[in-house]
Amino acid sequence: MLAALRTASRSGSSALRAAHRAAAPSARVVRPGLFVRTLITKKYTEDHEAVVYDDQTQIGTVSITDYAQSSLGDVVFVELPQKGTEIAQGDQIGAVESVKAASDIFAPVSGTVEEINETLNEQPGLLNKSPEEKGWLCKVKLSDPSELDKLLTEEQYKKHCEADH
């Protein structure tokens, strides 16, 4: 009986193999093309601005740091650059007013302002709640990505903040 089962399963499997071979020429294996890697870099200025740069889109998202918002206190007004504005690294691009003080915002990089965070007009307090995420200021198409090399890494920025105290 076992011999009969073995013979039946062998003949069944060869029938499956034959069916698979017949179908094989029409079956295609889709392999993805080249692997594209996007590099996201976050850098800081000594004036407490941050930029998150996406090397694929060449867009840098500018924000103030958590350290800056905690130093300012409750933010009540944010002045932002206009969309389409050409900016240079170090240019004043806006201002933040709080119950304690007013502070200028400087461009961490050069380029063209592609987008501004309109939500900050109605909700300036987002800078306190989420300064580096929901409270981003503007998105800049970088004209010279090598300027990022002049900015601070996270470790360098932390040391800079500790020296400020």
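Position in the sequence shown (from 1) plus 86 gives the number in this note's numbering. Positions of the beta carbon are idealized from the N, C-alpha and C atoms, including for glycine. For clarity, every value in this text was computed on a predicted model and none was experimentally measured.
* Cα separation between residue 162 and residue 225? -> 22 Å
* To do: Assign residue 185 to buried or exposed, taking buried as 16 or more other Cβ atoms, counted over all protein chains shown, within 10 Å of its Cβ.
  => exposed
* Tell me whether the beta-carbon of residue 246 lies closer than 8 Å to the beta-carbon of residue 135. => no
* Asked: Going along the chain, which unbroken runs of the beta strand (DSSP E) with 3 or more residues stay wholly within the region 133-184?
  -> 135-140, 145-150, 161-165, 178-184
* Give me the Cβ distance between residue 166 and residue 206, rounded to the nearest whole Å; I'm assuming they're in contact under 8 Å. => 7 Å
* Asked: For the candidate residues 220, 153, 175, 130, whose alpha-carbon lies nearest to that of residue 204?
  -> 220
* Spatial distance of residue 238 from residue 130 (CA atoms) -> 5 Å
* Cut-off 7 Å between Cβ atoms - residues of its own chain near residue 233, not counting five sequence neighbours on either side -> 175, 195, 196
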